């Protein structure tokens, strides 16, 4: 299950162009939650190769799924 989520996130990130997005922000949830840890892990993978693709990733603490969807819709978050 974790592998599927990671693959889904990586496939979403592959849609970003380097020219269009220098920073990707991922809405996660509370710092004590699982989604924050997953977001941190995804960002760690992306940031390990920033010199190759020019994109940095930042996990963003949030109030959860509904908040994340609203923030993506408004442009405050990338994912």
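In the numbering used here, the protein residues as written are 6 to 84. Here a beta-carbon is modelled for each residue, glycine too, at the ideal position from N, C-alpha and C. Computed from a predicted model, the values in this text were never measured in an experiment.
Per DSSP, the unbroken beta strand (DSSP E) holding residue 66 starts and ends at 61-66. For residue 73, the CB contacts under 6 angstroms within the same chain, skipping 5 residues up- and downstream, are 32 and 67 in chain order. For residue 44, the enclosing alpha helix (DSSP H) covers residues 39-53. Around the Cβ of residue 30, a 10 Å sphere holds 16 or more other Cβ atoms; the residue is buried. Between the alpha carbons of residue 80 and residue 39 lies a gap of roughly 24 angstroms. When DSSP reads this structure, residue 33 sits in no beta bridge, so it has no partner.
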